[in-house]
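*Asks:* Could you have a look at this structure, given as structure tokens, before my questions?
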Amino acid sequence: NPNNPTGTLTPRDELERFIAGVPERVLIIIDEAYIHFAEPGYQDAIDLGLKHKNVLVSRTFSKVYGLAGMRIGYALGPPGLFDYDFEFYAAKDWGSINRLAILAATAALDDKDHIRRSQETIWQGKRYLYEEFDKLGLSYTPTQSSFMVVDMKQPSTPIVARLRDKNVFVRDADGPLGYVNLSNHIRVSIGLMEENEAFITALKGALG
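With this note's numbering as the guide, the letters of the sequence shown map in order to residues 71 to 278.
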């Protein structure tokens, strides 16, 4: 939450109703990998993870913090949660987290300026893409993440291939590695402004 690939957020009241309807013996994992890109005002689920016995909130340093190569993240839950015999707990591998990754992650938590710049880059970029897609007559799902899905109004696979020929890489939502019920769509990551502009220029040519 936000969801991949749509970038949409589950409303807080829906999330709370869902949790209330799940037996405590069932572990609920709320993945907030992209939560930092949500527009200001959305309440994250950390309090839910601390309040409920069976709710775990997971986050990663791979997205807004820019530490994908470090392969490190963290989880928040109530006291005693990790004493439960959940299957995922037995499968964890703490040995894969090295000291450099821990030091980098600790420093990243304190780098508020980097987080703010990353957020503003994504928020500015998505507003630009919204405007350009509107001009092209393409429909899209408003996103609360660092990516979005766009309806090409025609088969997306040839468009993805034409973009690739221009060294522009997007996810084909209609291809063999695509998503259910998203035919004719692509998923595009929001980048720096010059990258967004290069994508739009290439897309105009690819649409024919």
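Ideal Cβ positions, reconstructed from N, Cα and C, are used throughout, including at glycine.
Nothing here was measured: the structure is a model prediction, and the numbers come from that model.
1) Where do the N-terminal and C-terminal ends of the beta strand (DSSP E) with T176 fall, by residue?
2) If you follow the beta strand (DSSP E) that A138 is in, where does it begin and where does it stop?
3) Quick check: the Cα distance between N254 and F217, rounded to an integer number of angstroms?
4) From V96 to L126, what distance separates their C-alpha atoms?
5) Would you check if the distance between the CB atom of A276 and the CB atom of R241 is smaller than 8 Å?
6) Quick one: using the 10 Å Cβ neighbour count with 16 as the cut-off for buried, is R257 buried or exposed?
7) In terms of residue numbering, what span does the alpha helix (DSSP H) encompassing A145 cover?
8) What is the residue span of the alpha helix (DSSP H) that F131 lies within?
9) With DSSP as the reference, label S253 as helix, strand or coil.
10) Within a Cβ cutoff of 8 Å, which residues of the same chain sit near R186, ignoring the five residues on either side of it in sequence?
11) What are the boundary residues of the alpha helix (DSSP H) that D244 is part of?
12) Excluding sequence positions up to five away, which residues of its chain have a Cβ less than 6 Å from the Cβ of I116?
13) Along the chain, which unbroken stretches of the alpha helix (DSSP H) at least 4 residues long are found entirely within the region 191-248?
14) Pull up the distance between the alpha-carbon of G119 and that of D83, whole angstroms please.
15) Can you give the Cα-Cα distance for E225 and L179, rounded to whole angstroms?
16) Report the three-state DSSP secondary structure of D114 (helix, strand or coil).
*Replies:* On the basis of the coordinates in this document:
1) Note, T176: premise wrong, no beta strand (DSSP E); alpha helix (DSSP H) at R169 to D180.
2) A138 -> no beta strand (DSSP E), and no H or E assigned at all.
3) 17 Å
4) 11 Å
5) no
6) buried
7) Taken as a continuous stretch (DSSP letters only), A145 belongs to no alpha helix (DSSP H), being part of the beta strand (DSSP E) at G143 to L146.
8) Run containing F131: none; DSSP gives neither H nor E here.
9) coil
10) The answer is none, since no qualifying residue turns up.
11) That residue, D244, is in no alpha helix (DSSP H); it is neither H nor E in DSSP.
12) V127 and L146
13) Whole alpha helix (DSSP H) segments, 4+ residues: 226-235.
14) 15 Å
15) The sequence shown places Pro at residue 225, rather than the Glu named in the question. C-alpha separation (whole angstroms): 42 Å.
16) coil
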